[in-house]
Amino acid sequence: MADCPLDLGWMRVFEAVGRLGSLTAAAGELGLTQPAVSYVVRALEAQVGTALIVRQHRGSSLTPAGAAMYRAVGVAIAQLQGAAREIRNLQSQSVVRLFTDYGFASLWLMPRVAAFRKAWPEADVHIVASASLDPGQADAVDLSILFGARADFGPAAVQLFEEEVVPVCSPAFALRHGLSAGGEGIAGLPLLHLDSTPRPRWFIWRDWLAAMAIERRPGPADLSLSTYGLVVQAAMADQGIALGWTCLIGDALAAGSLVAVGPPIVRPQSGYWMVPAASLSAPAAALAAWMVREAGTVS
50 MADCPLDLGW MRVFEAVGRL GSLTAAAGEL GLTQPAVSYV VRALEAQVGT ALIVRQHRGS
110 SLTPAGAAMY RAVGVAIAQL QGAAREIRNL QSQSVVRLFT DYGFASLWLM PRVAAFRKAW
170 PEADVHIVAS ASLDPGQADA VDLSILFGAR ADFGPAAVQL FEEEVVPVCS PAFALRHGLS
230 AGGEGIAGLP LLHLDSTPRP RWFIWRDWLA AMAIERRPGP ADLSLSTYGL VVQAAMADQG
290 IALGWTCLIG DALAAGSLVA VGPPIVRPQS GYWMVPAASL SAPAAALAAW MVREAGTVS
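Heads up: the sequence shown begins at 50 in this note's numbering, then just goes up one per residue.
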């Protein structure tokens, strides 16, 4: 078998499987599905030409080859993290690295970050957006904007927005189906879903329907999408009704491209939190303070 370079992303997945002893636990930590993790392990085994883990009824264990691979991967990851720290120290203190999810980056941050860059023209803002629930290599990030509950984050975290969702659709869809802000008629129409893990951190349609005491089976016309930006675009394109996180779709509601067609539900201790690194440069601290002001939060 010809030698070929190993995928670094696969290495991180394998390291989590070996450390946690479970495909399912590794998937939960990395924000992936269990089948995706299993696929990566099988692909890696095919590439090296031998079994690396033994799949058991509860969890998994490393084969001798897997143990050797795990040790090598651990050393490689440690070296990469060390290199990242060195590179960060060599770079200018004006660079600010911010990690968040796709929805927050596209719907809230990008329409506003130009104002910060105008106030701090010397700051070089690097925005890293991902479908993952955490930044992974936290030492390479100045600020993280993460979704979750108070208990998910340390004492330094500042809540920017509490979790509030409201059913929304396009004005044309609402008019065509006679929808109003009272929520009547939603159960019989197509719903737009954000793909999630079996135990999502955020509200899903099941939560809203339960809060409204509405019984409904998934309709054949329902649509599931992989990112929240796509969910919002589908709602604007008359494809159905989405759950709108008010902090993310406030601009669309104000512009009239989306309309609320049901009552909101709120979970005050959950939402978007800003998690700073242990120490911040002056531009990073300024960006943190600016985001708190923009969100209307008193730190």
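Idealized CB from N, CA, C, for every residue including glycine. Every value quoted in this text rests on a predicted model; they were computed, and no experiment measured them.
- The shortest C-alpha to C-alpha distance from Glu212 to any of Leu292, Thr73, Ala117 is the one to Leu292.
- DSSP links Phe148 through a beta bridge to Val177, Ser193.
- By the C-beta density criterion, Asp300 is exposed, having fewer than 16 other C-beta atoms within 10 angstroms.
- Note on the region 229-268: whole beta strand (DSSP E) runs with a minimum of 3 residues are 240-243, in chain order.
- In this structure, the alpha-carbon of Asp244 lies about 7 Å from that of Thr276.
- Short of 7 Å from the beta carbon of Phe210, and not among the five residues preceding or following it, lie these beta carbons of its own chain, in chain order: Cys296, Gly320, Tyr321, Ala344.
- Contact check for Gln282 against Pro239 fails: the beta carbons are separated by 9 Å or more.
- Contact between Val86 and Leu72 holds, since their C-beta atoms are separated by about 5 Å, short of 8 Å.
- With a 10 Å radius around the Cβ and a threshold of 16 neighbouring Cβ atoms, Glu78 comes out buried.
- Counting the other Cβ atoms within 10 Å of the Cβ of Gln318 gives fewer than 16, which makes it exposed.
- With respect to the C-alpha of Ala75, the residue from Thr112, Ile314, Thr246, Trp251 having the closest C-alpha is Thr246.
- Contact check between the region 148-157 and the region 116-126: fewer than three CB pairs, one atom from each, fall below 8 Å, which does not count as touching.
- Secondary structure of Trp339 (DSSP, three-state): helix.
- Between Val308 and Ala223 a beta carbon distance of about 5 Å is seen, short of the 8 Å cut, so the two are scored as contacting.
- In this structure, the alpha-carbon of Ala221 lies about 10 Å from that of Ala284.
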